[in-house]
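Student: Heads up: the sequence shown is residues 456 to 836, going by the numbering used here.
A virtual CB, placed ideally from N, CA and C, is assigned to each residue, including glycine.
Owing to the predicted nature of the structure, the values given are computational and were not obtained by experimental measurement.
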Amino acid sequence: MIIQSKRVWFDEKFLPKQIEIEGNKIKEIYPYGLKKVDIDYGNERILPGLIEIHCHGCLRHDASHATPDWIRDWMKLLASEGVTSVTPAISTAPEEDILRSLSYFDEVITSGYEGTRIIGIYSEGPFISSDDKSAQDIRYRVTPTKEILERYQKASGNRMKYIMVAPEELDENMSFIKECVSQGIRVSIGHTTATFDICAKAREAGATSFTHTYNGMKALNQREPGTVGAAMYFEDMYAELIGDGIHVKKEPAVVLARLKGKDRLISVTDANRAKGLPIGKVELFGRILNICEDGVARLESGGLAGSTNSIKNTLRNEIENFGFSLETAINSVTCNPARMLGIDNSIGYIKNGYMADIVVLSDSYEVIQTYIGGIPFKGTC
């Protein structure tokens, strides 16, 4: 199959190109109009499939309270939004709930399903700070150990890919970070009160990223740079950003984007179980959330509790409202998360030999078509 458009994201520019797909991979990229095509998308934008590494759920469920049927529905919803790869994010919950959910992800992946490809599991909780004041349920926080990680790996079928820690809760040697790194697991710093120096130790142990930068971390100060200062200072580390304009306002978002550049910023939604529900109050797992018109969920106290957003809308906000360059915004939802996870040799780009993970977007950021491994997604949630 050959598709073409006058605007294909190739070598960090929109260029007129044809894409030949054979099996589940991109076989060749041709000049526009060279060969007979199966589908001509005209002037619509063709991008690498969007990669969402930090989202929790939708429709009253999340990755810590999953069921097999719901996981299948969630992957269809994400595919309809242009997401071709995802690391579902568990959060702070009772261990029995987490282990059960991880086993369900293993079951669904093993048996096969339709929609977005699950490329691993992200643990945003329960390894949070004991001083965490966010929407995570502090009752169930734990200090991470090798034994807990072994239980997670066993339940998930060794699919733990990305783990967040509050490094101030770890031992001086940052042994847990080193254990994760030895297993090929990427480590992020977040939900933390860590000082700059503690973040530096975590980096030396192998931490590579920061979770939803600015949110849930020690702020920048002129005498104590804090976690935010570390995210800005270390050029070789990645930084997640919830780019909805609510969790982080335009000006600090632009500052972070300038510092991390087109190669180290990763945009995320942090979308949770409130996604897809009507505006208003809802009780979910014993907690009251207010689903607001601005696309975020809030606790009764008014504190932020994640979003109901999609990554394509995040991309739109970063380009049209934040004024991010195309390279910075598009890379942050395609190749950068793939590179951070160490899988940018197969996804994240439109290149010969890469997976044929592709999304076609209109100028209003509506999804015209999602291709996952060369297969046009036609399902709905």
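Quick check on residue 736: buried or exposed, where buried means 16 or more other Cβ atoms within 10 Å of its Cβ?
Tutor: exposed
Student: Is the Cβ-Cβ distance between residue 576 and residue 540 less than 7 Å?
Tutor: no
Student: Report the rounded CA-to-CA distance for residue 489 versus residue 467, giving the unit in angstroms.
Tutor: Straight-line Cα distance between these residues: approximately 22 Å.
Student: Would you list the one or two residues that DSSP bridges to residue 507?
Tutor: 541
Student: Look up residue 515 in the DSSP assignment and say whether it is helix, strand or coil.
Tutor: coil
Student: Whole angstroms is fine: what's the gap from residue 581's alpha carbon to residue 608's?
Tutor: 15 Å
Student: Along the chain, where does the alpha helix (DSSP H) containing residue 465 start, and where does it finish?
Tutor: Segment 457-465 is the beta strand (DSSP E) holding residue 465; no alpha helix (DSSP H) there.
Student: As a quick exercise: from 668, 802, 662, pick the residue whose alpha carbon is nearest that of residue 722.
Tutor: 668
Student: Would you call residue 605 buried or exposed, if buried means 16 or more other Cβ atoms sit within 10 Å of its Cβ?
Tutor: It counts as exposed.
Student: Once DSSP output is grouped into helix, strand and coil, what is the label at residue 829?
Tutor: coil
Student: Cβ of residue 654 within 7 Å of Cβ of residue 685?
Tutor: yes
Student: Can you tell me which of the three DSSP states residue 469 falls into?
Tutor: strand
Student: Taking the CB atoms as reference points, tell me whether residue 559 and residue 523 lie closer together than 7 Å.
Tutor: yes
Student: Helix, strand or coil: which one does DSSP assign to residue 678?
Tutor: coil
Student: Going by the DSSP bridge assignment, what does residue 798 pair with across the sheet?
Tutor: The partner list for residue 798 (beta bridge, DSSP) is empty, contrary to what the question assumes.
Student: Check whether the Cβ atoms of residue 590 and residue 726 sit closer than 7 Å, and answer yes or no.
Tutor: no
Student: Hey, residue 777 and residue 674: beta-carbon distance below 7 Å or not?
Tutor: no
Student: Under 6 Å Cβ to Cβ from residue 767, same chain only, skipping five residues before and after it: list those, please.
Tutor: Cβ contact annotation for residue 767 (same chain, cutoff 6 Å, sequence separation greater than five): 536, 537, 820, in chain order.
Student: Do residue 517 and residue 728 count as a contact pair if the criterion is CB distance below 7 Å?
Tutor: yes
Student: Is the region 621-634 touching the region 594-605 in the sense that three or more CB pairs, one from each, lie closer than 8 Å?
Tutor: yes
Student: Going by DSSP, what residues sit across from residue 483 in a beta bridge?
Tutor: 475
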